[in-house]
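Below is one structure, written out as structure tokens; comments come after it.
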Amino acid sequence: MTPPASIPGEPHDDDRTPDAFGGRHADDIDWDDVADVICVGGGLGVAMAGAARAAGLDVLLVEAGGSPTTGSGLAGLLGSAHADSEHYLSALTEEFDPVDVTAPDVPVRVVDGPSPAESRRTRLPTFHGAALRDWGSSCVAARYGLLYTRVYDPRLSATYTGPDGTVEVTVLATIELDSDRPGASVANWLAGLVDEEGESHGTLQHLVFDSGAVVGAALSTEDGVRLVRTRHGVMLSPLAAETDSSAEDLESDTTAEVALVSRAASRFGRLELLRRT
1 MTPPASIPGE
11 PHDDDRTPDA
21 FGGRHADDID
31 WDDVADVICV
41 GGGLGVAMAG
51 AARAAGLDVL
61 LVEAGGSPTT
71 GSGLAGLLGS
81 AHADSEHYLS
91 ALTEEFDPVD
101 VTAPDVPVRV
111 VDGPSPAESR
121 RTRLPTFHGA
131 ALRDWGSSCV
141 AARYGLLYTR
151 VYDPRLSATY
161 TGPDGTVEVT
171 VLATIELDSD
181 RPGASVANWL
191 AGLVDEEGES
201 HGTLQHLVFD
211 SGAVVGAALS
221 TEDGVRLVRT
231 RHGVMLSPLA
241 AETDSSAEDL
251 ESDTTAEVAL
261 VSRAASRFGR
271 LELLRRT
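Following this line, the structure appears as structure tokens:
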């Protein structure tokens, strides 16, 4: 879904920042830095930053500027009120089912494995609008969901098949599952990634646009507001709710692959555990 081409902009603390949809072109903005991908928010953001780096992309990891609460949606990640960014994020989810409660379970997906690279290059995906809407809605409601401001980058994933259809999968790690609380194993693994990563490069204030497309982000740092241009988009991961999660359909005392799962032509993904057939 494409946001309107022109929306009145809010005043900004940094006068270099263009109005979101009606300001200067990206090439005319005085950028402070450039990265392939900006990853925002929580342990999933750290995990995706690692996957993007492994794919050879230049990654900037930043913290969420806000603390999303139930009903705040993705706009809760912003560090300051910014009408244009809020409009953009709400436009991507306005047709989704309302999210009242974050799903506590970590989904388990049965897969056959990755498709051969040759078939992936020749296969043209079939797009179903209703299916993509339902998928996006489930990702927004997921405990560990993610929005990519562009359609999910195929360099970060492999195509997997299984009983529930074809999906795009980025395997992040293989972890040991706690026999009593397997879902908590995922939370502990993500928390460990955050500890290993160390300090981020600032906090997200708002997105920066050129003709309706996200071209960067404004970050709050110790040195003030920095404008960072992105070549391939911004990944937004809301902070996970603090719940006792579970993971059904997995045997106790086993290992499982943790993966970011998306669908062809979708901007949305979610963290899942994979079980091979």
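Sequential numbering from 1 applies to the sequence shown in UniProt numbering.
The beta-carbon is built from N, C-alpha and C at its ideal position, and this holds for glycine as well.
- Do you know how far the Cα of residue 228 is from the Cα of residue 57? Locating residue 57 in the sequence shown gives position 57, counting from the first residue. Locating residue 228 in the sequence shown gives position 228, counting from the first residue. In a straight line, the C-alpha of residue 57 is about 15 Å away from that of residue 228.
- Below 8 Å on the Cβ atoms is my guess for residue 32 versus residue 226; work out the distance and round it to an integer in Å. Reading the sequence shown from its first residue, position 32 is the one you call residue 32. Reading the sequence shown from its first residue, position 226 is the one you call residue 226. With 8 Å as the limit, residue 32 and residue 226 qualify as a contact, their Cβ atoms being about 4 Å apart.
- Message: Checking 8 Å against the spacing of the C-beta atoms, do residue 149 and residue 41 come in under that value?
- Response: By one-based count along the sequence shown, residue 149 stands at place 149. By one-based count along the sequence shown, residue 41 stands at place 41. No, they are not a contact pair.
- In chain order, what residues of the same chain lie with their CB nearer than 7 Å to the CB of residue 59, ignoring the 5 residues before and after it? Taking the sequence shown and counting its residues from 1, one reaches residue 59 at position 59. 35, 36, 37, 39, 49, 52, 53, listed in sequence order.
- Does DSSP classify residue 201 as helix, strand or coil? Position 201 of the sequence shown holds residue 201. In the three-state reduction of the DSSP assignment, residue 201 falls in the coil class, being assigned neither a helical nor a strand state.
- Query: What is the DSSP secondary structure of residue 144, reduced to helix, strand or coil?
  - Reply: Reading the sequence shown from its first residue, position 144 is the one you call residue 144. Coil.
- Message: Between which two residues does the alpha helix (DSSP H) holding residue 231 run?
- Response: Counting from 1 along the sequence shown, the entry for residue 231 is found at position 231. No alpha helix (DSSP H) contains residue 231, which DSSP labels as neither H nor E.
- Task: Rounded to whole angstroms, what's the CA-CA distance from residue 266 to residue 236? Just pull it up for me.
- Result: By 1-based counting over the sequence shown, the position of residue 266 is 266. By 1-based counting over the sequence shown, the position of residue 236 is 236. Approximately 14 Å between the Cα atoms of the pair.
- Message: Residues in the same chain with beta-carbon distance under 6 Å from residue 187, minus the five sequence neighbours each way, listed in chain order, please.
- Response: Residue numbering aside, residue 187 sits at position 187 when the sequence shown is read from its first letter. Contacts found: none.
- Query: So, is residue 276 buried or exposed, given that buried needs 16 or more other C-beta atoms within 10 angstroms?
  - Reply: As a position in the sequence shown, residue 276 is number 276, starting the count at 1. Result: exposed.
- Query: Alpha carbon to alpha carbon, how far is residue 66 from residue 206?
  - Reply: By one-based count along the sequence shown, residue 66 stands at place 66. By one-based count along the sequence shown, residue 206 stands at place 206. Rounded to the nearest angstrom, the two C-alpha atoms are 11 Å apart.
- Message: I'd like to confirm the pairing. Which residues does DSSP put opposite residue 268 in its beta bridges?
- Response: The residue you call residue 268 lines up with position 268 of the sequence shown. Per DSSP, the beta-bridge partners of residue 268 are 147.
- So, residue 194 versus residue 46, is the Cβ gap smaller than 8 Å? Along the sequence shown, one-based indexing puts residue 194 at 194. Along the sequence shown, one-based indexing puts residue 46 at 46. Yes.
- Message: Let me check understanding here. Comparing Cα to Cα, which of 145, 162, 168 lies closest to residue 156?
- Response: Along the sequence shown, one-based indexing puts residue 156 at 156. The candidate whose alpha carbon is nearest that of residue 156 is 168.
- Query: What are the start and end residues of the beta strand (DSSP E) that includes residue 215?
  - Reply: Taking the sequence shown and counting its residues from 1, the one referred to as residue 215 is at position 215. Annotation for residue 215: the continuous beta strand (DSSP E) segment containing it runs 213-221.
- Message: Using only the alpha-carbon positions, how far apart do residue 108 and residue 95 sit?
- Response: One-based indexing of the sequence shown puts residue 108 at position 108. One-based indexing of the sequence shown puts residue 95 at position 95. So the two alpha carbons sit approximately 26 Å from each other.
- Task: Give the secondary structure of residue 263 by DSSP, where H, G and I count as helix, E and B as strand, and everything else as coil.
- Result: Taking the sequence shown and counting its residues from 1, the one referred to as residue 263 is at position 263. Of the three classes helix, strand and coil, the one that applies to residue 263 here is coil, per DSSP.
- Message: Tell me the rounded alpha-carbon separation between residue 164 and residue 221.
- Response: For the purposes of this step, residue 164 is taken as residue 164 along the sequence shown, with counting starting at 1. For the purposes of this step, residue 221 is taken as residue 221 along the sequence shown, with counting starting at 1. Their backbone Cα atoms lie some 43 Å apart in a straight line.
- Query: Relative to the C-alpha of residue 160, which residue among 87, 178, 170 is closest?
  - Reply: Translated into positions along the sequence shown, residue 160 becomes position 160. Looking at 87, 178, 170, the one whose alpha-carbon comes closest to that of residue 160 is 170.
- Query: Helix, strand or coil: which one does DSSP assign to residue 28?
  - Reply: Taking the sequence shown and counting its residues from 1, the one referred to as residue 28 is at position 28. Helix, per DSSP.
- Among 216, 256, 158, 175, which residue has its Cα nearest to the Cα of residue 263? Numbered from its first residue, the sequence shown carries residue 263 at position 263. For residue 263, the nearest C-alpha among the options comes from 158.
- So the alpha helix (DSSP H) residue 86 belongs to, where does it begin and stop? Residue mapping note: residue 86 aligns to position 86 of the sequence shown, counting from 1. Bounds of the alpha helix (DSSP H) holding residue 86 are 83-93.
- Mark residue 113 as exposed unless 16 or more other C-beta atoms lie within 10 angstroms of its C-beta, in which case mark it buried. Indexing the sequence shown from 1 puts residue 113 at position 113. Exposed: under 16 other Cβ atoms inside 10 Å.
- When burial is assigned at 16 or more other CB atoms within 10 Å of the CB, is residue 106 buried or exposed? By one-based count along the sequence shown, residue 106 stands at place 106. So residue 106 counts as buried.
- Going by CA-CA distance only, name the one from 26, 146, 181 that's closest to residue 254. The residue labelled residue 254 in the question sits at position 254 within the sequence shown. The shortest C-alpha separation from residue 254 is found at 181.
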